[in-house]
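A.B. asks: What follows is a structure written as structure tokens; I'll ask about it next.
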Amino acid sequence: MITMVAAIAENNALGKDNDLLWHLPDDFKRFKQITSGHYIIMGRKTFESFPKPLPNRTHVIITRQKNYHPEGCIIVDSMEKAIEACPKDETIFIIGGGEIYTLGMDFADTIELTRVHENFEADTFFPEIDNTKWKLTSEEHHPADERHKFNFTYQTFLKSI
Numbered sequence: 001m002i003t004m005v006a007a008i009a010e011n012n013a014l015g016k017d018n019d020l021l022w023h024l025p026d027d028f029k030r031f032k033q034i035t036s037g038h039y040i041i042m043g044r045k046t047f048e049s050f051p052k053p054l055p056n057r058t059h060v061i062i063t064r065q066k067n068y069h070p071e072g073c074i075i076v077d078s079m080e081k082a083i084e085a086c087p088k089d090e091t092i093f094i095i096g097g098g099e100i101y102t103l104g105m106d107f108a109d110t111i112e113l114t115r116v117h118e119n120f121e122a123d124t125f126f127p128e129i130d131n132t133k134w135k136l137t138s139e140e141h142h143p144a145d146e147r148h149k150f151n152f153t154y155q156t157f158l159k160s161i
């Protein structure tokens, strides 16, 4: 199974200047819980936005740069090769950025989304979710609080065709 994991704003904003637009500790905790112990597929810029590789995960990085070889990572030049590099009998996760999510949309079975209930100025966006191909199967709302500046909702979508 292939699952895309993303946190996006109401206007599908993902980030700006290779950085996140919000700080939601519970969302970070959920991301860690979902992806730990698994292969994670990402673009080079997403990988470079991390202070260091994420622990307890195998990083598969899609890049067009021929001489890009961060230690301990699998480097490929297409979504097809990224998926081939992952175990066939495990859930793998596509974690961004915008271009990688667009490429992954045809391959994914599930989308685990954190919908932040605000609009943001951004330079990277999540692709539109086609309601004829994806079905919202669960939602869990989290109101803003002292640790979370914005309301947000966890949403799970399953491919319906």
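Heads up, the sequence shown is in the UniProt record's numbering, so the first residue is 1 and it goes up one at a time.
We treat Cβ as the ideally placed atom computed from N, Cα and C, and that holds for glycine.
On the criterion of 16 or more Cβ atoms from any shown chain inside 10 Å, does residue 69 qualify as buried, or is it exposed?
C.D. replies: In the sequence shown, counting from the first residue as 1, residue 69 sits at position 69. By the 10 Å Cβ count, residue 69 comes out exposed.
A.B. asks: I'd like the ranges of any alpha helix (DSSP H) spanning at least 4 consecutive residues and lying wholly in the segment 3–87.
C.D. replies: Fully enclosed alpha helix (DSSP H) runs of 4 or longer: 25–35, 44–48, 79–84.
A.B. asks: With residue 94 as the anchor, note down where its beta strand (DSSP E) starts and where it stops.
C.D. replies: On the sequence shown, position 94 is the one that residue 94 refers to. Run containing residue 94: 92–94, per the beta strand (DSSP E) assignment.
A.B. asks: Okay, do the segment 125–133 and the segment 79–93 touch, 3+ Cβ pairs below 8 Å being the bar?
C.D. replies: Contact fails: fewer than three Cβ-Cβ distances are below 8 Å.
A.B. asks: Is it true that the CB of residue 3 sits closer than 9 Å to the CB of residue 108?
C.D. replies: For the purposes of this step, residue 108 is taken as the residue at position 108 of the sequence shown. For the purposes of this step, residue 3 is taken as the residue at position 3 of the sequence shown. Their beta carbons are under 9 Å apart, which means residue 108 touches residue 3 by this criterion.
A.B. asks: Verify whether the separation of the beta carbon atoms of residue 93 and residue 117 is less than 9 Å.
C.D. replies: The sequence position of residue 93 within the sequence shown is 93, counting from 1. The sequence position of residue 117 within the sequence shown is 117, counting from 1. The answer is no: Cβ separation not under 9 Å.
A.B. asks: In or out: residue 113 buried (at least 16 other Cβ within 10 Å) or exposed?
C.D. replies: For the purposes of this step, residue 113 is taken as the residue at position 113 of the sequence shown. That one is buried.
A.B. asks: What residue from 66, 10, 33 has the CA that sits closest to residue 54's CA?
C.D. replies: Within the sequence shown, the letter at position 54 stands for residue 54. Ranking 66, 10, 33 by Cα distance to residue 54 puts 33 first.
A.B. asks: List the DSSP bridge partners of residue 138.
C.D. replies: Along the sequence shown, one-based indexing puts residue 138 at 138. According to DSSP, which records beta bridges pairwise, residue 138 is partnered with 156.
A.B. asks: Under the three-state reduction of DSSP, which class applies to residue 112: helix, strand or coil?
C.D. replies: Here the question's residue 112 lines up with position 112 in the sequence shown. Here residue 112 sits in strand by DSSP.
A.B. asks: Relative to the C-alpha of residue 43, which candidate in 140, 24, 73 has its C-alpha closest?
C.D. replies: Taking the sequence shown and counting its residues from 1, one reaches residue 43 at position 43. Nearest option by C-alpha distance: 73.
A.B. asks: Quick one: is residue 124 buried, meaning 16 or more other Cβ sit within 10 Å of its Cβ, or exposed?
C.D. replies: Translated into positions along the sequence shown, residue 124 becomes position 124. Counting Cβ neighbours within 10 Å, residue 124 comes out buried, since at least 16 surround it.
A.B. asks: Count Cβ pairs between the segment 135–155 and the segment 93–106 that sit closer than 8 Å; are there 3 or more?
C.D. replies: With the cut-off at 8 Å, the segment 135–155 and the segment 93–106 do not touch.
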